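One line per chain: the protein sequences are A and B, in this order.
Using the working numbering, count along the first sequence one by one with no gaps and you end on 429.
Using the working numbering, count along the second sequence one by one with no gaps and you end on 410.
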Amino acid sequence: MSEEQYTPQYSTNGQKRFSLFLKGSDDVTATLFENDAAGSGVLDEWAKAKWVDGAVVDVTREAGQPAAIVLQQLDGMSLPEELVEQGLDEAYIAAQFESKLFEQPSDVFVLSILPEITAELWQRRERGYLLNPPPGWEQSWTAAQREWFRAHFDRLGRVTVEEFREDFGRLVRTLQDEREAQVVVYGCASYDPADSSHNYHAMDDTAALRAHRFNYGLVQLSQQTGLIILDVDRIVAEMGGRAHVRQVFHYSPAANRAIGRELLRIIEELGFFDEHPLLKLVLPQLDQQFQSGSIIKWHSREGKWVKGGDDLFDFRVEEIKRFKRFNTDNPDEIQAVEINSRKWSWLVRVTAADNGFFRKKYVAEEGVCSVGDLLAVFSVRDNEWVKHDEDSVATAPAFRVVANILETLDQDALEQQNNG
Amino acid sequence: MGRVVAGVNPTLERFLRNQYRSLRLTFKKRKQGGNYVYFRAGKQKREPVGIFLRGGCDVAAAFACEPFIKEVLNGACCIYRSGIGSSSSQTDLLLQTLEGIPEALTAETCEKLQIKPSYFKPVLFKESFVVPTVNGMEEISKTVVILSIGPDFARTVYRHREHGFLVDPGGWWLNQSMGSVLNDMSSVMWFNKTFKKVGRISVEDSMANFTRIIQLIRERTGAHILMFNLLGVEPGDQTYNFRYRQNSNMMRRREFNLALYDLSRQLDLSIIDVDRILKREGVQEQVDFAHWPIDRFKPVAEEMFGILQEREIF
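Next up, the structure:
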């Protein structure tokens, strides 16, 4: 996606309606719809809390498929008659050629890498189209169906990471560019309770190892396309695989709910529900230990339009603290105990991951500030009078940024670089 | 008769003497130092099992293996940690020790950075190591060597501008508070004048180094080799978009882990899968990827012990 076309959506323009397209199997739908003891799912709870006096959340659900299969439709492929004639699991097969992904307007498309990891692809001889037969087809299809299938299809096997990056990347770009939508992709937890491998000599990749590879490939795609990752691996790791992974890629209800809540947190952070004209730039949290920094140099200034990818400022890390979290009866309660507090000399460059008009700077160079301190205010549009008093700034959403630790610690070299 | 403790009461005297003998036997079965533990179990007299560690904080988890090993051990075992942690375990530094750098060239560096001359000696590639045991100074053959990808992932090395050798000055020195460093500007200026930064090693170079190191250890010692990987996720990190993200440590850790899985396949190498173990137990309590809560050492040690059992080490 070109940077000129990337325009974050900050408002639903007052319409209490939001649309989600979920293309995944249980790994996606269970995270939003699995009911808790009180009988409500995460999406339901969220919608009720978000819109007190009623709202509509349009949800379209489709089974997940590898991107290579989905893209066939984009290339003009429709359901082959021969497959209908053979009577092979009609609904499962038809879904691979009749997705609404490229027609249905949606605010957010939610995909998953799980089909990429688990599916086995077959290719039709002569005609070349791909098919992902249903699990257990070798037992459930009739002998005639199996014979016909083997006579007409070649087994390609599982998707490689390289194929995934190419095909999934193309799929994401298509949704971002042509549908102008945000794309959120679920990763996979890499913990498999049945896998205790420690030596991979003369072994194929295990399911867990494939999850590692595809999770990493997904991060690479995010770097290239700006797709949003829902880090299922981290969420499940924080909760603990022993208690929350029933079998590989199948999570406990509590883990599913945590994943669903993370999706909704991301959607809120994307700004879909904000009608605020201002965005506030605060000192970002690098990690759990980072406490404060001092601005070394601003790369932007008041009165300038900033777009995603523009450098904003450099700062030096001044202080970190170490915290210990204790398991208390209340899992939301975190006890912070300083173990060590030291000054550091890391230099960090903060880059814009949003667009906005630089309205006002609050901290000058050499100013020291703590995580979360207000550094500047942006507005969504330029050349527009916008009130930015204390209250309106306080309620403004965050201007999204990316912080990168610079390689050099050499102050002289950095100054030379900054002075061009 | 010797010294009398309980006086004229022979029963009490006998009881106290037996207690004393038992305690002495217990002590004789175990000896511990700052970087090693030597222990015995059973009555068999044979060559001790030598477990040699070289890496960062992670390899210290091997010491938590002791109770597991004692259950099955019939003889002696020594777990020994070489080097000064991550800062002496980056693979370029390990391979450098084979070059035989003259002590005259490294003397000033050793003095200024307070590192021992053994920093430049090939202790990793020797067949044995020496520790003070219950029998006095004892030379123990390496049965198992445990390494880690942590130092290659994390450490930055520096090259001597004139003599070309590499050092990692160590976390304690470069990560001191600015106050204490600035109080000794002469050391800072000396280091800046004498060394230039090489940076962190690439994943490809690291794996090439480990391939050579593992082959050399196998040739020279015959030891079984195990390697620690790293936790791939960053606890508490809520990043969801990696556009414009450069030099991400989380990505680098994942690259190293994936490369290690491939190295395992290529070299028939066993991995102590810290990533899997910590994810199984839960990482909510961790402040970062590298420093585990104390109760995580046991499951890691259990995993390590399981691999050693499969290899029939004991």
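We treat Cβ as the ideally placed atom computed from N, Cα and C, and that holds for glycine.
A quick note: this is a predicted structure, and the numbers were derived from the prediction, not measured.
Let me know the secondary structure DSSP gives I275/A once reduced to three states. I275/A falls in the helix class under three-state DSSP.
I need the DSSP call for K289/B, collapsed to helix, strand or coil. Of the three classes helix, strand and coil, the one that applies to K289/B here is helix, per DSSP.
Secondary structure of T360/A, DSSP reduced to three states: strand
Do the region 106-117 of chain A and the region 52-59 of chain A meet, that is, are 3 or more Cβ pairs less than 8 Å apart? By the Cβ criterion, the region 106-117 of chain A is not in contact with the region 52-59 of chain A, since fewer than three pairs of Cβ atoms, one from each stretch, lie closer than 8 Å.
is_contact[Q232/A, chain B] using C-beta, thresh 8 Å: yes
By alpha-carbon positions, which one of P144/B, F148/B, S182/B and C153/B ends up nearest to G171/B? With distances taken between Cα atoms, G171/B lies closest to P144/B.
Given a threshold of 16 other Cβ atoms within 10 Å of its Cβ, counted over all protein chains shown, does K289/A qualify as buried or as exposed? Label assigned to K289/A: buried.
Whole-Å CB distance - A405/A paired with H285/A, under 8 Å assumed: 5 Å
I'd like the span of the alpha helix (DSSP H) that includes P163/B, first residue to last. E162 to V168
So that I know if they touch, is there some Cβ in chain B lying closer than 8 Å to that of T360/A? yes
Cβ neighbours of L295/A in the same chain (closer than 6 Å, five flanking residues each side left out): A412
Could you spell out where the beta strand (DSSP E) holding W307/A opens and where it closes? W307/A -> beta strand (DSSP E) spans F299 to W307.
With a CB to CB cut of under 7 Å and the five nearest residues on each side skipped, what residues in its chain are close to D240/A? G196
What are the boundary residues of the beta strand (DSSP E) that L383/A is part of? Its beta strand (DSSP E) spans residues L383 to S388.
Closer than 9 Å between beta carbons: that is the criterion. Which residues of the region 183-211 of chain A meet it against chain B? Within the region 183-211 of chain A, the residues whose Cβ lies closer than 9 Å to any Cβ of chain B are, in chain order, V193, A198, S199, Y200, D201, P202, D204, S205, S206, H207, N208, Y209, H210 and A211.
Assigned exposure category for L374/B - 16 Cβ within 10 Å defines buried: buried
Within 7 Å of chain B by C-beta, residues of the region 219-231 of chain A in sequence order: H221, R222, Y225, V228 and S231
Which class does A264/A belong to by DSSP, given the choice of helix, strand or coil? helix
I403/B, DSSP secondary structure in three states: helix
Could you check what DSSP says for C173/B in three-state terms: helix, strand or coil? In this structure, C173/B counts as strand in the three-state DSSP scheme.
Neighbour flag for V411/A against chain B, beta carbons, 8 Å: yes
Secondary structure of E143/B, DSSP reduced to three states: coil
To which residues of the same chain is V168/B closer than 7 Å at the C-beta, ignoring the five residues directly before and after it? F410
Can you have a look at Q405/B and say buried or exposed, based on whether 16 or more other CB atoms are within 10 angstroms of its CB? exposed
What did DSSP end up calling S184/B once you bin it into helix, strand or coil? helix
Run down chain A in chain order and give the residues with a C-beta less than 7 Å from the C-beta of S360/B. N208, Y209 and H210
So E375/A and S303/A are in contact, right, with Cβ under 8 Å, and what is the actual spacing, rounded? 6 Å
I197/B and F249/B: beta carbons closer than 8 Å? no
Can you tell me whether G332/B is helix, strand or coil according to DSSP? coil
Check whether V386/A and R368/A have beta carbons under 8 Å apart: Yes, the Cβ-Cβ distance between V386/A and R368/A is below 8 Å.
Can you pull out the residues from the region 323-344 of chain B whose beta carbon lies closer than 9 Å to at least one beta carbon of chain A? L327, G328, V329, E330, P331, G332, D333, Q334, T335, Y336, N337, F338, R339, Y340, R341, Q342, N343 and S344
If T193/B sits next to P218/B, beta carbons under 8 Å apart, how far is it from one beta carbon to the other, in whole angstroms? Correct: roughly 4 Å between the Cβ atoms.
Are A361/A and K313/A closer than 8 Å when you measure CB to CB? K313/A sits away from A361/A, with the two beta carbons spaced by 8 Å or more.
Does the pairing of the region 291-300 of chain B with the region 221-232 of chain B give three or more beta-carbon distances under 8 Å? Touching, no, given that fewer than three Cβ pairs across the two stretches are closer than 8 Å.
Within 8 Å of any Cβ in chain B, is that where the Cβ of L239/A sits? yes
Give the single residue among A198/A, S199/A, E91/A and D391/A whose Cα lies nearest to the Cα of V140/A. Per the sequence shown, the amino acid found at residue 140/A is Leu instead of Val. The option with the nearest alpha carbon to L140/A is E91/A.
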